[in-house]
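Asks:
In the working numbering, the protein residues as written are 157 to 328.
#1: Hey, out of 260, 300, 281 and 306, whose CA is closest to residue 195's CA?
#2: Count the other C-beta atoms from every protein chain shown that fall within 10 angstroms of the C-beta of residue 245, then say buried if there are 16 or more, exposed otherwise.
#3: Using the C-alpha atoms, what's the distance from residue 176 back to residue 157?
#4: What span of residues does the alpha helix (DSSP H) with residue 259 cover, start to end?
#5: Which residue or residues does DSSP assign as beta-bridge partners of residue 201?
#6: Give the DSSP-derived three-state secondary structure of residue 157 in the structure shown.
#7: Hey, residue 289 and residue 262 are a contact pair by Cβ (cut 8 angstroms); roughly how many whole angstroms apart?
#8: Suppose the cutoff is 7 angstroms on Cβ atoms and the five residues either side in sequence are ignored; what does the same chain contact list for residue 203 look like?
#9: Excluding the five sequence neighbours on either side, which residues of its own chain have a C-beta within less than 6 angstroms of the C-beta of residue 274, listed in chain order?
#10: Can the beta-carbon of residue 180 be found closer than 8 angstroms to that of residue 264?
#11: Going by C-alpha to C-alpha distance, which of 234, 309 and 250 sits closest to residue 166?
Below you can see the structure in the form of structure tokens.
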């Protein structure tokens, strides 16, 4: 028999997670559409001395890895990773709220980039951190969701999710 409060809680966690995924995809795709519609490829808008909008195409995955792999192969690889992350999310206990939040934004980011990959054959990137002597890879909001989500899972796993302390009496 299912515990009714736990079942209701799991449904609300699932709905919240789904809403986060949808929001992440909408934000990602909306910003990418705005960049494509308003900036020429290679065009840049300096926002701060270290931050610019820079319209770029990423034909690989993170940091342009596997750029020569081909659209279908990259889409299949991305889909496989997405399925694995979904499975990890499914297996994560409900009490791990930070991890559930993190998995939702990772999945949303991955879906946003997968949409680009399937629709365009590349991923639209536009955030560029730089200094006069150093620059970081150009990325997008979906990449940020994936990176922040991964960091939050690590924080939850290694700093927040501690096993309950067992008293000396219970250990006997």
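For every residue, glycine included, the Cβ atom is placed at its ideal position computed from N, Cα and C.
All values derive from a computational prediction rather than experimental measurement.
Replies: By the coordinates alone:
#1: The shortest C-alpha to C-alpha distance from residue 195 to any of 260, 300, 281 and 306 is the one to 281.
#2: It is buried - the Cβ of residue 245 has at least 16 other Cβ atoms within 10 Å.
#3: In this prediction, residue 157 scores a pLDDT of 47, lower than 50, which makes its location untrustworthy; the coordinate-derived value is nonetheless stated afterwards. Whole-angstrom Cα-Cα distance: 30 angstroms.
#4: Residue 259 -> alpha helix (DSSP H) spans 253 to 276.
#5: As DSSP reads the structure, residue 201 sits in a beta bridge with 209.
#6: No answer about residue 157 holds up, because its pLDDT of 47 lies below 50 and its placement is not dependable.
#7: A Cβ-Cβ distance of about 32 angstroms is found for the pair residue 289 and residue 262, leaving them out of contact under the 8 angstroms criterion.
#8: Taken in chain order, the residues that qualify are 209.
#9: Cβ neighbours of residue 274 beyond the five flanking positions: 231.
#10: Contact: yes.
#11: Comparing Cα-Cα distances from residue 166 to each of 234, 309 and 250, the minimum goes to 250.
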